[in-house]
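Letter 55 of the sequence shown, counting from 1, is numbered 37 in the numbering used here, and no numbers are missing. Quick reminder that beta carbons are idealized off the backbone N, C-alpha and C, glycines included.
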Amino acid sequence: MIKIVLLLFPIVLLSSSTFITPLEYAAQLYKNPRGIGCQFCHGVDGKGKLIANYKHKHKQKSFRGPAINQVAFGDFFKALNKKKNGMPRYFLTQKEIEALYLYLHQDEQEVQNYDE
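See the structure below:
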């Protein structure tokens, strides 16, 4: 948990000089990073989502966007920087990836704040 706090510390420092909070920026980025938003495949909260049901060779199949709300930051960063089937490349900056991670883990941040 301390890694998340250290990772997000630069965002908090920069937030005092802007008119939008880091969480608001992260939410906007999640909804429209560059083209299609993350919520269309991963759901509003990153828990995954059914994209389509289809038939292939007379068998019923499903195409799902995986859950991304429980992924460690290192794996999250790697996944956003490599080509995957069905996943568009967004060419996000490190700060944008950190903001997306903040959005997906905002509940953990609230829990941590109450624990302190």
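Given L82 as reference, the closest of T3, A8 and P4 once Cα atoms are compared: A8
If you draw a straight line from the alpha carbon of N63 to that of F55, how long is it in whole angstroms? 12 Å
Since L74 sits in a beta bridge, which residues does DSSP pair it with? Beta-bridge pairing links L74 to no other residue.
Is it buried or exposed, Y36, if we count other Cβ atoms within 10 angstroms and call 16 or more buried? exposed
A61: first and last residue of the uninterrupted beta strand (DSSP E) it sits in: Looking at the DSSP string, A61 is not in any beta strand (DSSP E); the run it does join, the alpha helix (DSSP H), is F55 to L62.
Beta carbon of H24 nearer than 8 Å to that of G30: yes
CB-CB under 8 Å to K43, same chain, minus the five flanking residues each way: which ones, in chain order? Within the same chain, K43 has close Cβ partners N35, Y36 and K37.
In whole angstroms, what is the alpha-carbon distance linking T75 and K41? 40 Å
Buried or exposed by the 16-neighbour rule on C-beta atoms within 10 Å, applied to Q79: Note that residue 79 is Ile in the sequence shown, not Gln. Buried is the call here.
Hey, quick one: how far does the alpha helix (DSSP H) through A8 stretch, first residue to last? For A8, the enclosing alpha helix (DSSP H) starts and ends at P4 to K13.
Among the candidates K60, G28 and K65, whose CA atom is the shortest distance from the CA of D89? G28
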